[in-house]
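Engineer: There's a structure below that I have some questions on.
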Amino acid sequence: MSLQTLNPQQREAVLHTEGPLLLLAGAGSGKTGVVTHRIAHLVGTKGVAPEQVLAVTFTNKAAREMQERVARLVGPRQAAAITLSTFHSLCARILRSDIESLGYKRNFSIYGASDQQHLVRDLMAAIDADHGLNADHILWKISDAKNRLIAPDRLGPCMEGDVIGAMVRRVYPEYQKSLKSYNALDFDDLLMLTVRLFDEHPQVLERYQERFRYVMVDEYQDTNAAQFELVRRLAGKWCNLCVVGDDDQSIYGWRGAEPGNILDFERHFPGARVIRLEQNYRSTGNILAAANAVICQNQQRKEKRLWTAGDAGDKVSLVTCQDADDEARAVVERVHQNLLQRQMHYRDHAILLRTNAQTLVFEQELRLSRIPYVLIGGQQFFDRKEVRDAIAYLRFLVNPFDEVNLLRILNYPRRGIGRTTADLLIRSSVSMQRPLWQVMRDAGAVETISPKAAEAIAGFVNLVESYRKRYRTGGDLAAITRSLFDTVGIAEELRRAPESREQADRRVENVEEIVNAIARYMAREANPTLTGFLETVALLDRDEPGDNSKEKKLAQDAVVLMSLHSSKGLEFPQVFLPGCEEGFLPHKKSVSETYDVDEERRLFYVGVTRARTKLTLLHAQERKKYGKMEPRDRSRFIDEIPQELLRPECRDIMVSEACDEGGSLSAMFDRVMALKGN
DNA sequence: GTTGCGTTTATTTTT
DNA sequence: TAAACGCAAC
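Residue numbering for the first sequence follows the working numbering, beginning at 3 and increasing consecutively.
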């Protein structure tokens with residue numbers, strides 16, 4: 003794509019380089035091309051030093067993709083000098099160099115969900131042994147406060163009888179205190195502490211402002227309050243800020259994203275230019291018409307109307323099914339048909355679901371029909387227990403204050419430091435006000451500990467110190483890690499578990515995959531360190547490494563099965579949207595609790611606009627729920643699509659069921675008659 | 001320290 | 001209904 007191939011709005015966006023710019027980029031409007039061209043224009047034509055350009059995305063995939071496309075335009079050397087990263091890794095980088103002024107050490111750990119859970123669970127137990135509250139719920143509220151930059155002492159008063167609020171008020175301060183003493187940051191801290199760093203040390207902010215004269219933010223509709231404040235500060239001096247986004251695709255409000263950031267951009271940055279990209283290069287006219295009709299039901303939005311220079315294409319199919327099984331069969335039949343009659347590939351088909359639980363029926367039906375499929379999402383590689391346990395060793399080796407991970411590995415694999423001993427250690431650490439690790443180093447001094455336990459502790463201490471030394475000396479990180487895992491006997495521990503042989507093998511392989519990941523990290527990094535690797539684990543490669551990565555999965559010739567949320571940004575020739583029913587889409591929680599049906603409508607809109615040539619909506623008339631059948635109504639969103647865009651298809655359940663069971667024609671006929679007789 | 005049972009919970013999850 | 005987790009008893 004060169005400047006001439008851009009449409010007028012795209013070109014205007016590329017050429018507008020000075021001052022604030024809001025780029026409202028509709029679905030499929032060639033957004034990434036515009037953003038990369040804009041960077042190329044800054045660096046290539048206007049002669050801006052690449053070091054002065056900062057582009058922030060939400061996902062590593064987006065950052066990588068952008069980096070590659072910019073490299074194609076301005077060459078790899080220039081592209082590498084541009085700072086192109088996610089919010090979280092940008093903050094991690096800033097904090098790695100400047101966090102000491104906030105009283106943390108530079109080798110801080112980054113805590114993920116499971117570390118946070120451990121910590122919060124322990125704190126809650128210490129406050130009230132049988133509180134009966136859900137730790138995730140509390141953690142959720144804490145995270146919500148942090149996303150809004152609310153410090154522990156600034157929490158508003160809570161209502162009478164609000165047990166959850168009361169617990170949050172007690173846990174949140176303790177939680178922050180623990181993180182600090184463990185020299186650990188959670189994801190929210192990365193953002194919150196960077197903002198604090200900028201506020202308390204203006205000279206640091208100024209350094210970054212001076213460096214990043216041109217700032218770009220992708221998916222701006224998904225930014226939360228902390229990210230907004232961060233951007234506001236970074237771009238505050240030069241105001242060469244370009245934000246790109248689509249308020250109609252804001253689907254992460256439940257995670258703290260503030261669509262208000264994009265809606266109020268012109269108020270936040272006076273004099274902002276607003277450019278709309280409304281020409282769509284992805285979908286057929288009918289699909290876009292349906293999408294427009296639905297989304298314009300939302301009140302709070304920037305008016306936009308997607309259009310295409312292409313054909314109207316097929317109508318949107320609306321398939322009414324009997325139940326969940328029937329719905330899955332309907333999809334499978336259509337996939338088959340497309341393959342046999344239209345020479346399409348499996349990978350041209352995507353099934354987008356509201357909830358992960360919905361995938362089950364589809365998986366069964368696809369397997370039954372021998373259709374290859376890939377499931378995207380679900381449990382992440384680095385969230386698996388065996389992987390977390392192994393990684394915990396590395397994390398503790400890097401940061402001796404990290405007590406969550408110390409406790410995780412203390413007796414894993416079993417080495418004779420049981421609950422009793424651990425409790426004694428913790429108690430003496432608390433009473434002496436010394437870090438747990440220091441207490442362990444001279445555990446002999448704690449008289450209540452048995453000689454046998456003391457010996458086990460000493461062995462563990464030696465192991466840790468000797469590996470700390472080996473890692474410090476440098477050399478092959480992967481080899482040292484392999485030796486570490488062998489020495490502590492992780493594989494043996496996994497095989498001891500009462501699981502099937504295959505399960506255990508899988509887990510052992512996963513642990514070995516960590517070593518491979520380190521090797522790959524070393525190969526691509528100029529200055530590999532264990533800290534650096536752990537940071538990529540925490541922030542970057544959340545996706546499974548190797549052959550199971552999301553990208554590899556999408557490249558296979560297989561039907562794609564995933565949640566609507568994770569489909570954002572992708573496109574497929576054939577899109578199926580099952581479960582278009584009240585209670586699913588909009589989801590019943592959104593209707594009853596927060597009334598944010600608008601976000602559900604945007605979710606539906608995201609699904610619809612993933613389709614290039616054919617969109618098929620499906621809904622079932624009844625569905626099993628927690629064991630019993632319930633009647634279902636079709637989604638209100640279907641009724642918001644003009645009739646003339648839809649092709650309704652009613653399935654004769656009985657014939658299709660009979661066909662599905664196979665057998666001779668006459669047997670089939672008998673079965674149909676028997677069913678009709680009922 | 002392990003095992004199994006019983007209780008709980010079922011929306012989405014870029015980092 | 002089913003899976004996952006915590007707890008308690010062995």
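Note that beta-carbon positions come from the ideal geometry of N, C-alpha and C, so glycine has one too.
Can you check whether the CB of Ile289 is closer than 7 angstroms to the CB of Gln223?
Structural biologist: Contact annotation: Gln223 and Ile289 have beta-carbon atoms that are not nearer than 7 angstroms.
Engineer: Using the C-alpha atoms, what's the distance from Thr225 back to Trp256?
Structural biologist: About 12 angstroms.
Engineer: Is Gln281 helix, strand or coil when you go by DSSP?
Structural biologist: strand
Engineer: List, from N- to C-terminal side, the alpha helix (DSSP H) runs of 4 residues or more that fit wholly inside the segment 548-623.
Structural biologist: 552-557, 599-610
Engineer: What does the Cβ neighbour count give for Glu527, buried or exposed, with the cut at 16 atoms within 10 Å?
Structural biologist: So Glu527 ends up on the exposed side.
Engineer: Does the segment 25-33 come into contact with the segment 244-262, if we say contact requires no fewer than three beta-carbon pairs (one atom in each stretch) closer than 8 angstroms?
Structural biologist: yes
Engineer: DSSP on Glu57, reduced to helix/strand/coil?
Structural biologist: According to the sequence as given, residue 57 is Ala; it is not Glu. Three-state DSSP puts Ala57 in a strand.
Engineer: Between the segment 610-626 and the segment 323-337, do three or more beta carbon pairs fall short of 8 angstroms?
Structural biologist: Taking 8 angstroms as the limit for Cβ pairs, the verdict is that the segment 323-337 does touch the segment 610-626.
Engineer: Give me the DSSP bridge partner(s) of Cys323.
Structural biologist: Ala622
Engineer: With three or more C-beta pairs closer than 8 angstroms as the rule, is the segment 562-572 touching the segment 382-392?
Structural biologist: Too few Cβ pairs lie closer than 8 angstroms, so no.
Engineer: Go ahead and label Glu583 buried or exposed: buried means 16 or more other beta carbons lie within 10 angstroms of its beta carbon, across all protein chains shown.
Structural biologist: buried
Engineer: Let me know the secondary structure DSSP gives Asp117 once reduced to three states.
Structural biologist: helix
Engineer: Taking the C-alpha atoms as reference points, what is the distance between Leu426 and Leu97?
Structural biologist: 35 angstroms
Engineer: Alpha carbon to alpha carbon, how far is Asp266 from Ala259?
Structural biologist: 14 angstroms
Engineer: For Arg344 and Arg74, what's the separation of their Cα atoms in angstroms?
Structural biologist: 35 angstroms
Engineer: Run through the DSSP bridge pairs and tell me what Arg275 is partnered with.
Structural biologist: Listed as beta-bridge partners of Arg275 by DSSP are Leu23.
Engineer: Is Tyr113 near Ala186, with beta carbons less than 7 angstroms apart?
Structural biologist: yes
Engineer: Here's the rule: buried if 16 or more other CB atoms are within 10 angstroms of the residue's CB, otherwise exposed. What is Val441?
Structural biologist: buried
Engineer: Taking the CB atoms as reference points, tell me whether Phe578 and Phe606 lie closer together than 7 angstroms.
Structural biologist: In this structure, Phe606 does not lie closer than 7 angstroms to Phe578 by Cβ.
Engineer: What do you reckon, are the CB atoms on Ser252 and Arg614 nearer than 7 angstroms?
Structural biologist: For Ser252 and Arg614, no; Cβs fall outside 7 angstroms.
Engineer: Is the separation between the beta-carbon of Tyr375 and that of Leu563 shorter than 7 angstroms?
Structural biologist: yes
Engineer: If you drop the 5 nearest sequence neighbours on each side, which residues of the same chain put their C-beta closer than 7 angstroms to that of Ala295?
Structural biologist: Sequence-distant Cβ neighbours of Ala295 in its own chain, meaning closer than 7 angstroms and more than five residues away, are Glu642, Ile643, Pro644.
Engineer: May I ask which residues mark the beginning and end of the beta strand (DSSP E) holding Thr7?
Structural biologist: Careful: Thr7 lies outside any beta strand (DSSP E) and carries neither H nor E.
Engineer: Beta-carbon separation of Leu479 and Leu532 under 7 angstroms?
Structural biologist: Against a cut-off of 7 angstroms, the Cβ pair of Leu532 and Leu479 comes out as a contact.
Engineer: Taking only three categories from DSSP, how would you classify Val152?
Structural biologist: Just to set this straight, residue 152 is Ile in the shown sequence, not Val. Of the three classes helix, strand and coil, the one that applies to Ile152 here is coil, per DSSP.
Engineer: Work out the CA separation of His203 and Thr489 for me, nearest whole Å.
Structural biologist: 45 angstroms
Engineer: Between Ile140 and Met161, is the Cβ-Cβ spacing less than 7 angstroms?
Structural biologist: Result no, Cβ atoms of Ile140 and Met161 do not sit closer than 7 angstroms.
Engineer: Leaving out the 5 sequence neighbours to the left and right, which residues in its chain are closer than 6 angstroms to Asp130 when beta-carbon positions are compared?
Structural biologist: none
Engineer: Here's the rule: buried if 16 or more other CB atoms are within 10 angstroms of the residue's CB, otherwise exposed. What is Ser103?
Structural biologist: exposed
Engineer: What are the start and end residues of each continuous alpha helix (DSSP H) run of 4 or more residues lying completely inside the segment 365-423, in chain order?
Structural biologist: Within the segment 365-423, the complete alpha helix (DSSP H) runs of at least 4 residues are 387-400, 405-412.
Engineer: What span of residues does the beta strand (DSSP E) with Asp224 cover, start to end?
Structural biologist: First-last for Asp224: undefined, no H or E at that position.
Engineer: Distance check for Pro261 and Pro272, CA to CA, integer angstroms please.
Structural biologist: 18 angstroms
Engineer: Does the distance from the CB of Ala83 to the CB of Glu53 come in under 7 angstroms?
Structural biologist: yes
Engineer: Per DSSP, which residues does Met631 bridge with? Please list them.
Structural biologist: Lys626
Engineer: Would Ser319 and Glu651 qualify as a contact pair, given that the criterion is a beta-carbon distance under 7 angstroms?
Structural biologist: At the C-beta level, Ser319 and Glu651 come within 7 angstroms of one another.
Engineer: Is it the case that the segment 113-122 contacts the segment 172-182, given that we only count it when at least three CB pairs across the two stretches are under 8 angstroms?
Structural biologist: Counting Cβ pairs under 8 angstroms, three or more are found: they touch.
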